[in-house]
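Taking it in order: structure first as structure tokens, then the write-up.
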Amino acid sequence: MGMFSMKRLGLIVLILILVSAFFYFEGPQYLDLDVLKAQQERLQQTIAGAPVVSVTVFFIAYVLVTALSLPGAAVMTIAGGALFGLLAGTLIVSFASTLGATLAFWSSRFLFRESLRQRYDKTVQRVDERMAVDGPFYLASLRLVPVFPFFVINLVMGLTGIRTWTFYWVSQLAMLPGTIVYVNAGTQLAAIKQVGDILSPPLLFSFLLLALFPLIAKFLLALLKRARLYRKFTKPKRFDYNLVVIGAGSAGLVSAYIGAAVKAKVALIERDKMGGDCLNTGCVPSKALIKSSRMAEAMRQADHYGLPVVSPQIPFAPVMERIQKVIKQVEPHDSVERYTRLGVDCIQGEATLISPWEVEVKETEGSTRRVTAKATIIATGGRPFVPPIEGIDQVEPLTSDTIWQLRKLPQRLLVLGGGPIGCELAQAFARLGARVTQVEMGERLLSKEDPDTSAEILRHFGEEGIEVKLQYKAARFAIEEGEKVAYCEHPQGELRIPFDQVLVAVGRRANTENLGLENLGLKTSQGGTLPVEEDMSVCYPNLFACGDVAGPYQFTHVAAHQAWFAAVNALFGNFKRFRVDYSVIPWVTFTSPEVGRVGLNETEAKEQGVEYEVTHYDLEDLDRAIAESEAYGYIKVLTPPGKDRILGATIVGPHGAELLMEFILAMKHKIGLNKLLGTIHPYPTWNEAVKFTAGEWKKAHAPEKLLRWLERFHHWRIG
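This is the structure:
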């Protein structure tokens with residue numbers, strides 16, 4: 001064993017001995033206010049007779065209690081005031097508590113940093129990120145507002161990269177106000193000679209100060225932080241708007257709508273098309289395409305319904321034109337005209353943040369102007385990410401933004417990416433007649449779903465003729481003798497794939513370019529999104545972000561969900577702020593079969609260490625599914641062992657998106673499987689599957705002993 005390990009072992013043994021001795025000699029009973037009060041006069045006489053020794057003993061005891069994270073530091077702080085007075089007590093406790101905290105900090109770093117940092121890497125990384133942004137101010141805020149026990153702060157900080165000296169002086173200064181409040185309470189406690197003294201004004205004031213200190217500290221800390229943030233900017237005396245929203249996609253439209261609904265003066269700035277990705281290049285066109293492709297597939301499967309099979313001759317251009325007609329039909333819901341009628345000032349142009357209150361707009365017609373607002377919401381959305389693969393520019397890659405410009409069906413379509421977008425479009429184009437090859441770097445499609453879900457989708461894709469290449473990585477593109485080709489790497493060798501068009505669907509990036517983030521000192525996260533707080537604010541209390549630009553979920557319904565919190569907090573945050581709730585987030589991949597999910601799946605439950613049971617129901621047993629010749633897929637529900645509370649549900653099958661809604665409602669309003677089982681579902685419907693799933697859970701948790709007694713009872717009754 002090395003010298004370092006021996007030192008570490010020796011320190012652990014020493015700590016265990018000291019902690020054991022504390023409890024063996026009944027240390028906790030001495031750190032009690034009643035004991036302190038009973039022994040107060042005797043202790044004060046001892047201090048008067050040997051002040052230096054008494055102070056030394058008290059100091060060492062306080063350091064040990066704090067360093068070993070033992071219970072009783074608060075009582076000892078009050079005791080410092082009761083025994084030594086306000087000034088001396090404050091000095092003794094301040095230095096003893098800081099020295100003890102630093103020893104605990106150092107011990108945590110020396111003993112546990114390597115092991116615990118790996119185990120709790122994400123938590124420690126978040127603390128390090130906050131330290132990088134706010135510096136010592138972050139530690140000071142933790143000390144001033146005791147949301148976490150001080151011993152937890154000592155131990156966690158030991159795992160971070162903060163310097164010991166910085167930890168010491170920040171802790172001493174930040175803990176000083178609280179120390180004074182507690183020591184002062186101790187001095188007043190010493191003044192109680194009779195019952196009537198409890199109601200004396202000085203003592204009542206001390207305890208009131210003790211109770212209010214965390215609130216006062218939090219308020220003053222917020223003022224200080226606000227002053228630090230805004231010190232470089234000049235706040236306008238008057239504002240043009242209550243709220244400026246940058247971006248007219250799903251998040252921006254909902255934000256502007258909420259602002260207008262509560263009669264705020266709102267400006268909505270959009271540089272391109274109203275409706276954003278969802279209307280123009282995302283949800284609406286993709287679902288219109290999927291419907292056309294499903295109709296084509298239904299024609300091929302007509303024999304399932306006793307009808308002659310039809311081999312559809314698909315005119316691709318009219319299919320794509322229909323998509324544009326669908327967009328035009330939905331467009332009025334998101335139009336300038338509608339939002340203008342609602343009272344929103346719609347501005348066409350590109351927005352740049354100048355200050356927390358000022359936005360410069362380069363309008364479409366060429367002019368530039370500045371608008372001011374009490375609060376601003378960034379809702380600029382995202383865009384497809386095209387990786388810098390060698391030769392990719394030569395083959396003119398398509399993305400989910402540009403694929404809608406096609407009017408001629410590519411005979412050979414290469415799809416890069418096995419996520420929801422890649423899977424939906426790969427299957428849709430295959431059903432419309434393209435020969436599709438899908439390349440995915442990972443081991444399976446839809447990697448965020450459970451392995452059995454991925455396997456089910458892969459099986460259906462294989463049946464429909466989609467060639468899926470798993471664990472392949474596109475390495476380079478080229479044009480060889482007029483033909484586009486991709487070279488993909490695999491552990492077993494390189495694969496050459498010729499194609500006519502390539503669709504890149506490997507992820508998205510937030511739109512933050514030219515926003516002027518540097519003017520406000522804002523930086524994007526590692527994933528390219530803006531880091532937001534729980535109230536959707538971005539560093540500044542009056543600046544917010546929502547939707548794809550904020551993450552972490554890039555769904556239209558999540559963008560709308562976030563927008564409510566952003567808008568309400570932007571307009572009313574001075575009175576109360578609401579924290580965004582992600583506990584019940586549904587998502588659906590609109591392949592056939594559809595994949596709908598809400599809450600945890602098995603993969604996530606295992607990663608998070610959540611104990612669970614699985615209830616499984618096969619849709620092939622559902623009468624409605626059999627009647628419609630779509631009897632395939634399943635419902636899988638996770639619950640805590642022995643309980644009917646729903647932790648999560650996954651549905652793989654026809655109408656998965658609609659079936660999911662009952663589980664979403666149940667999770668949101670804490671409705672268990674027992675109540676779903678007791679709800680009448682009309683027959684024959686797809687939603688009966690939800691009830692039957694609850695029935696499967698009930699059967700698995702039937703009271704077997706009671707049923708055996710009932711069986712005996714019924715036998716007895718019939719003789």
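The sequence shown runs 1 to 719 under full-length UniProt numbering.
Positions of the beta carbon are idealized from the N, C-alpha and C atoms, including for glycine.
Quick caveat: nothing in here was measured; it's all calculated off a predicted structure.
query: If we count the other Cβ atoms within 10 Å of its Cβ and call it buried at 16 or more, is G482 buried or exposed?; result: exposed
query: Contact between the region 401-413 and the region 315-325: three or more CB pairs below 8 Å?; result: yes
query: Measure the alpha-carbon distance for A567 versus E513 and round it to whole angstroms.; result: 23 Å
query: For E443, would you say it is in contact with chain D, using Cβ-to-Cβ distances shorter than 8 Å as the test?; result: Of the chains in the structure shown, none is chain D; there is only one protein chain.
query: Can you give me the start and stop residues for the alpha helix (DSSP H) that N519 sits inside?; result: From DSSP, N519 is part of no alpha helix (DSSP H); its letter is neither H nor E.
query: By alpha-carbon positions, which one of L665, T179, L159 and A631 ends up nearest to T77?; result: T179
query: When you compare the CB positions of F429 and L413, do they come within less than 8 Å of one another, or not?; result: yes
query: Going by alpha carbons, who is nearest to E480 out of T56, I314, P498 and L673?; result: P498
query: DSSP beta-bridge partners for V652?; result: V595 and Y634
query: Quick one: grab the DSSP three-state call for R444.; result: coil
query: Which residue spans inside the region 216-287 form an unbroken alpha helix (DSSP H) run of at least 4?; result: 250-261 and 276-280
query: When the Cβ atoms of the region 443-459 are set against those of the region 587-605, are three or more pairs found closer than 8 Å?; result: yes
query: Which word fits S629, buried or exposed, when buried means at least 16 other C-beta atoms lie within 10 angstroms of its C-beta?; result: exposed
query: Please give me, in chain order, every unbroken run of the alpha helix (DSSP H) with length at least 4 that falls completely inside the region 307-358.; result: 316-330 and 336-341
query: Kindly indicate which three-state DSSP category T556 falls into: helix, strand or coil?; result: helix
query: Starting from the Cα of L571, find the closest Cα among L91, Y257 and I626 and give me that residue.; result: Y257
query: Buried or exposed: M175, going by 16 or more other Cβ atoms within 10 Å of its Cβ?; result: buried
query: Using a Cβ-Cβ cut-off of 6 Å (strictly less than) and excluding sequence neighbours within five positions of H701, which residues of its own chain qualify?; result: none
query: Out of F105, Y241, I153 and I246, which has the shortest C-alpha to C-alpha gap to D548?; result: I246
query: Tell me F499's beta-bridge partners as DSSP assigns them.; result: K484
query: By Cβ distance, which residues of its chain are closer than 8 Å to Y472, with the 5 residues on each side in sequence left out?; result: V439, E440, M441, C488, E489, H490 and L495
query: Taking 8 Å as the threshold (C-beta atoms), are T639 and D450 in contact?; result: no
query: Is the separation between the beta-carbon of P384 and that of R271 shorter than 8 Å?; result: no
query: Can I377 and V361 be called in contact, C-beta distance under 8 Å?; result: no
query: Starting from the C-beta of R645, find all residues in its chain whose C-beta is less than 7 Å away, skip the five residues before and the five after it, and write them out in chain order.; result: T639 and G672
query: Go to A373, then tell me how far its beta strand (DSSP E) extends in each direction, as first and last residue.; result: T368 to I378
query: If you reduce the DSSP assignment to three classes, tell me which class P451 lands in.; result: helix
query: To which residues of the same chain is G418 closer than 6 Å at the C-beta, ignoring the five residues directly before and after it?; result: E440 and L445
query: Would L199 be called buried (16 or more neighbouring beta carbons within 10 Å of its own) or exposed?; result: For L199, the predicted model reports a pLDDT of 42, less than 50, meaning its position is unreliable; a value from the coordinates is still stated below. Exposed, since its Cβ has fewer than 16 Cβ neighbours within 10 Å.
query: Could you tell me which of F575, K263 and L600 sits nearest to W587, measuring between CA atoms?; result: L600
query: To which residues does DSSP link H490 through a beta bridge?; result: G493
query: Starting from the C-beta of V195, find all residues in its chain whose C-beta is less than 8 Å away, skip the five residues before and the five after it, and write them out in chain order.; result: Only weak support is given to the placement of V195: the predicted model assigns it a pLDDT of 37, under 50, and the value that follows is read from those uncertain coordinates. There are no such residues.
query: With burial defined as no fewer than 16 other Cβ atoms inside 10 Å of the residue's Cβ, what is the status of T529: buried or exposed?; result: buried
query: Could you tell me whether the region 462-478 touches the region 367-376, where touching means 3 or more Cβ pairs closer than 8 Å?; result: no
query: Could you check where the beta strand (DSSP E) with residue 726 kicks off and where it finishes?; result: In the structure as shown, the chain begins at 1 and stops at 719. Residue 726 is therefore absent and cannot be evaluated.
query: Assuming I466 and Q427 form a contact by the criterion Cβ under 8 Å, report the distance between their Cβ atoms to the nearest whole angstrom.; result: 7 Å
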